[in-house]
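See structure below.
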Amino acid sequence: MVKEIQVRVPLKQEKKEGILKFKAAEHLKISSSEISSVKILRKSIDARKSVIIFNYKLAVYINEAAPERSDYVFDYKDVSKAKAIHIIGFGPAGMYAALRCIELGYKPIVLERGKNVKDRRRDLRAINQFHHVNEDSNYCFGEGGAGTYSDGKLYTRSLKRGDVRRIFENLVFHGATEQILIDAHPHIGTNKLPKVVQNIRETILKYGGEIHFESRVTNFVIDNNKLKAIQLQNETEMAVEAVILATGHSARDIYYLLHRKNIALEAKSFAMGVRVEHPQQIIDSIQYHCKSERDALLPAASYSLVHQVNDRGVYSFCMCPGGFIVPAATANGEVVVNGMSPSKRNNPYANSGIVVEINVHKDIPKYDHFGVLKGLEYQKDLERLAFNAGGRSQVAPAQRLTDFVEGKLSNSLNDTSYQPGLKSAPLHSLLPKIIGGRLRKGFAAFGEKMKGYYTAEANIVGVESRTSSPVNIPRKDNLEHPEVLGLFPCGEGGGYAGGIVSAAMDGERCAEAAIKTLE
Ligand SMILES: Cc1cc2nc3c(=O)[nH]c(=O)nc-3n(C[C@H](O)[C@H](O)[C@H](O)COP(=O)(O)OP(=O)(O)OC[C@H]3O[C@@H](n4cnc5c(N)ncnc54)[C@H](O)[C@@H]3O)c2cc1C
0 MVKEIQVRVP
10 LKQEKKEGIL
20 KFKAAEHLKI
30 SSSEISSVKI
40 LRKSIDARKS
50 VIIFNYKLAV
60 YINEAAPERS
70 DYVFDYKDVS
80 KAKAIHIIGF
90 GPAGMYAALR
100 CIELGYKPIV
110 LERGKNVKDR
120 RRDLRAINQF
130 HHVNEDSNYC
140 FGEGGAGTYS
150 DGKLYTRSLK
160 RGDVRRIFEN
170 LVFHGATEQI
180 LIDAHPHIGT
190 NKLPKVVQNI
200 RETILKYGGE
210 IHFESRVTNF
220 VIDNNKLKAI
230 QLQNETEMAV
240 EAVILATGHS
250 ARDIYYLLHR
260 KNIALEAKSF
270 AMGVRVEHPQ
280 QIIDSIQYHC
290 KSERDALLPA
300 ASYSLVHQVN
310 DRGVYSFCMC
320 PGGFIVPAAT
330 ANGEVVVNGM
340 SPSKRNNPYA
350 NSGIVVEINV
360 HKDIPKYDHF
370 GVLKGLEYQK
380 DLERLAFNAG
390 GRSQVAPAQR
400 LTDFVEGKLS
410 NSLNDTSYQP
420 GLKSAPLHSL
430 LPKIIGGRLR
440 KGFAAFGEKM
450 KGYYTAEANI
460 VGVESRTSSP
470 VNIPRKDNLE
480 HPEVLGLFPC
490 GEGGGYAGGI
500 VSAAMDGERC
510 AEAAIKTLE
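In numbering that gives the first Met the number 0, the protein residues as written are 0 to 518.
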């Protein structure tokens, strides 16, 4: 017999061996000798009160062995001679579109502008050390897309958009730790993601799919409203029947291309702001109510904050406990920051984007003349502003948090995890008021909600500008573009995802939709 139960284990008891079996027997009022095994289905931490509790959802096997295998099977077929589907971009959306094609008996042909994970590393070093951005291979572009050198947080709110568990099981199938199937807020970590991505590549190649790196798509050949061919940067032209466009939200050249070709796009609201970095110990002490180091059983603490300022949300985004701030620009002449963390989250800093909602229809009237690309142009201008304020390299403009809120230039900055370095800049006056003004009020309110958060020991770093796409590529109910037959806008670049898991799920859906039109 199997019984699913919930138990609460205080931090002190968590250390005791066999505690889960003991708690399960107590809960079910049976002898622990009747319990064959206990499987953790879900684990979360409740640190709201001074006694920290681990909440467990357990499957308790009573006089019965637990099954060894997962219910999920991935039935990949040899597709080397099957009908082709072209996929542009090999981020989470493109990777999962390709895997789904193989499961359904179609051959994915992937075109990716960047390099494979190994070669990509050299380009990341060039950004951090020499401040040179390879515009095809960086923190956003290359094998695995923006998801590879990221935190690998897998939390998603898009539960209705697909089978989240299927994506998690597939990540485990490709080498991610099984812990992601259990944790309430799972993450993989930037040190482990490249191997998972590489394993996904190997599956695709093993079953007859094709992946072409350093193959940037530069043009679409459209005839009679039907996408007929795609052209690459080296003038190669490929005839196509169905194309999944999974180029991510940083592929501005794709938006410009579609716009030039008069293919419908829509301006989309998005969010921008800064990244804030605290010593991790401060966040731990606030969240875990401890004066010194956190207990060894507790992970680096995170937070999630939101506050309304003048009708717009100011909120934390992509919080990276025990992580690093990274330079995520995709072109020279811009500074963009983002965050990532290793699987152990053991870096001494906690960073998070703190961003302000931008209503693209109301907030930036000066950009109206750019039409549907107004959000994109605004985003670009802010990134250029950060580049200039940082001293025209990948050094990022920064300020002590308290100086930013109080409107003072910082005479000195705190140490940082951001490798290219920081330069003190008056971000309080440089940022547009609709962002800077709201951020300052937002930070002050966060300091009330989390005592100790508002501190001179934190830096803010500019700018966090790539939270989501400023452009939406429309699609019909069958996920095809309304004006271009055979084109399936997909993932974050289309405006249909906001992270790794939602992009992967959208990739699967687009593959299924594209296949339907070929059957
Ligand atoms: C530093 C960082 C940390 C992040 N941390 C997290 C996190 O912890 N959790 C989370 O859920 N999300 C995180 N994100 C966001 C997440 O990575 C994205 O939401 C996700 O990768 C979007 O997937 P995608 O496949 O739609 O697009 P992308 O991942 O952006 O992939 C698009 C791919 O298309 C390629 N491409 C672009 N243009 C062309 C072209 N013309 N021709 C050929 N190829 C092209 C690009 O090179 C890229 O590889 C992070 C992002 C960054 C940058």
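Where a beta carbon is used, it is the ideal one built from N, C-alpha and C, also for glycine.
Since the structure is predicted, the reported quantities are computational estimates derived from the model, not experimental observations.
query: Report the three-state DSSP secondary structure of residue 317 (helix, strand or coil).; result: strand
query: Would you give the residue range spanned by the alpha helix (DSSP H) that residue 306 belongs to?; result: Premise fails: residue 306 lies in the beta strand (DSSP E), 305-308, not in any alpha helix (DSSP H).
query: How should residue 223 be labelled, buried or exposed, when 16 other C-beta atoms within 10 angstroms of its C-beta is the threshold for buried?; result: exposed
query: Give me, in chain order, the residues of the same chain whose beta-carbon lies closer than 6 Å to that of residue 345; leave out the 5 immediate sequence neighbours on both sides.; result: 321
query: List the whole-angstrom C-beta distance separating residue 500 from residue 166, where the pair is believed to meet the contact cut-off of C-beta under 8 Å.; result: 5 Å
query: Cβ of residue 253 versus every heavy atom of ligand 1: is any distance shorter than 7 Å?; result: yes
query: Below 7 Å, is the gap between the Cβ of residue 176 and the nearest heavy atom of ligand 1?; result: no
query: When we look at the beta-carbon of residue 517 and count the other beta-carbons within 10 Å, is it buried (16 or more) or exposed?; result: exposed
query: Starting from residue 85, follow its DSSP beta bridges and name the residues at the other end.; result: 108, 242
query: With a threshold of 8 Å, are at least 3 pairs of Cβ atoms found where one atom belongs to the region 499-514 and the other to the region 282-298?; result: no
query: Take the Cβ of residue 130 as the centre, count every other Cβ of all protein chains shown within 10 Å, and call the residue buried at 16 or more, exposed below.; result: buried
query: What distance in whole Å lies between the Cβ atoms of residue 226 and residue 446, which are believed to be in contact at a cut-off of 8 Å?; result: About 52 Å; that fails the 8 Å criterion.
query: Quick one: is the Cβ of residue 337 within less than 7 Å of any heavy atom of ligand 1?; result: yes
query: Compare the beta carbon distance of residue 330 and residue 132 with 8 Å and say whether it is the shorter of the two.; result: yes
query: May I ask whether a heavy atom of ligand 1 can be found less than 7 Å away from the beta carbon of residue 334?; result: no
query: Between the alpha carbons of residue 116 and residue 140, how many angstroms are there, rounded?; result: 10 Å
query: With respect to 7 Å, is the separation between the Cβ of residue 362 and the closest non-hydrogen atom of ligand 1 below this value?; result: no
query: With three or more C-beta pairs closer than 8 Å as the rule, is the region 55-65 touching the region 194-206?; result: no
query: With a threshold of 7 Å on Cβ separation, who are the neighbours of residue 81 within its own chain once the five nearest residues in sequence on each side are excluded?; result: 104, 105, 106
query: Alpha carbon to alpha carbon, what distance is there between residue 266 and residue 370?; result: 8 Å
query: Around the Cβ of residue 393, are there at least 16 other Cβ atoms within 10 angstroms (buried) or fewer (exposed)?; result: buried
query: If we count the other Cβ atoms within 10 Å of its Cβ and call it buried at 16 or more, is residue 204 buried or exposed?; result: exposed
query: May I ask you to report which of helix, strand or coil DSSP gives residue 166?; result: helix
query: Can you give the beta carbon distance from residue 232 to residue 246, rounded, assuming they're within the 8 Å contact cut?; result: About 14 Å separates the two Cβ atoms, so there is no contact after all.
query: Hey, quick one: how far does the beta strand (DSSP E) through residue 60 stretch, first residue to last?; result: 52-61
query: Helix, strand or coil for residue 202, going by three-state DSSP, please let me know.; result: helix
query: Contact check, residue 270 vs residue 355 under 8 Å by CB: the rounded distance?; result: 6 Å
query: Rank 483, 391, 162 by C-alpha distance to the C-alpha of residue 258 and give the top, closest one.; result: 483
query: Do you know whose CA, among 436, 397, 208, lies nearest residue 419's CA?; result: 397
query: Grab the span of the alpha helix (DSSP H) containing residue 80 for me, first residue to last.; result: Segment: none, residue 80 is in no alpha helix (DSSP H) and carries neither H nor E.
query: If I follow the unbroken alpha helix (DSSP H) through residue 257, where does it start and stop?; result: 251-259
query: Looking only at C-alpha atoms, which of 201, 177, 135, 282 sits nearest to residue 112?; result: 135
query: Going by beta carbon distance, what residues of the same chain come within less than 6 Å of residue 337, once the five residues before and after it are set aside?; result: 325, 327
query: Pairs of beta-carbons, one from the region 58-71 and one from the region 17-33, closer than 8 Å: are there three or more?; result: yes
query: Give the straight-line distance between the Cα atoms of residue 170 and residue 491, rounded to the nearest whole angstrom.; result: 19 Å
query: Would you say residue 301 touches ligand 1, meaning its beta carbon is less than 7 Å from a heavy atom?; result: no
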